[in-house]
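Numbering (the numbering used here), first residue to last: 158 to 386. Glycine residues also receive a C-beta, built at the ideal position from the N, C-alpha and C atoms. All values derive from a computational prediction rather than experimental measurement. Below is one structure; the comments refer to it alone.
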């Protein structure tokens, strides 16, 4: 946490020298699986302005959240003050989080520029369910075959598996059954709010995150004087 605050100080304060204030949203109590990705995002965002919420990317921040004097009430008021100050809100929305959803709602009410980053192939949140796939054929065994000695009929071949661990390939009726690996579906309340301008949602893969941020900010350049790490 201290390292994040030190990084913010090195880049200077928002509003000084024409610097943009950037508010980054990422899951905390909803799960910390993506903290390393958050760290990469925050590091890249420093090129374009002062990140008000660098602590979200801190490795030591657990799913229990921050431990600060004043508790949740203090955190809520502090983060709302930062949100009001922000020029752009950037949210990584792959890991479902009530807090991130709340922040985005408040940011919309404040008419902020918003960028949401989402990884459809993460398999998190709302995703493909096994019962959405076609049902495999129901097999029946002729009772007469039960009298054959074990092994007399040979062995049953092991089903072929797809890349996502799903069974696939020919059934005894000649049909082919494909069970796709899980894929995430972003909430309609976020994707449906995107207008392609003030509120944008970009799907990406983890290795593309820096390029996605560069493209977004360079298409609508930040104010002069941004800090480069």
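* Asked: Alpha carbon to alpha carbon, how far is residue 375 from residue 214?
  -> 23 Å
* Boundaries (first-last residue) of the beta strand (DSSP E) holding residue 248 -> 245 to 249
* Helix, strand or coil for residue 225 per DSSP? -> coil
* Whole angstroms is fine: what's the gap from residue 247's alpha carbon to residue 359's? => 11 Å
* When DSSP builds the beta bridges, which residues end up paired with residue 271? -> 246, 356
* **Sheet register partners of residue 207 (DSSP bridge)** => 178
* Kindly indicate which three-state DSSP category residue 193 falls into: helix, strand or coil? => helix
* **Nearest-angstrom Cα separation, counted from residue 217 out to residue 261** => 24 Å
* **Close Cβ partners of residue 198 (< 8 Å) along its chain, the five nearest in sequence each way excluded** => 181, 183, 214, 247, 249, 274, 366, 370
* Asked: Do you know how far the Cα of residue 255 is from the Cα of residue 266?
  -> 17 Å
* To do: Have a look at 268, 277, 210 and flag the residue whose alpha-carbon is nearest the alpha-carbon of residue 354.
  => 268
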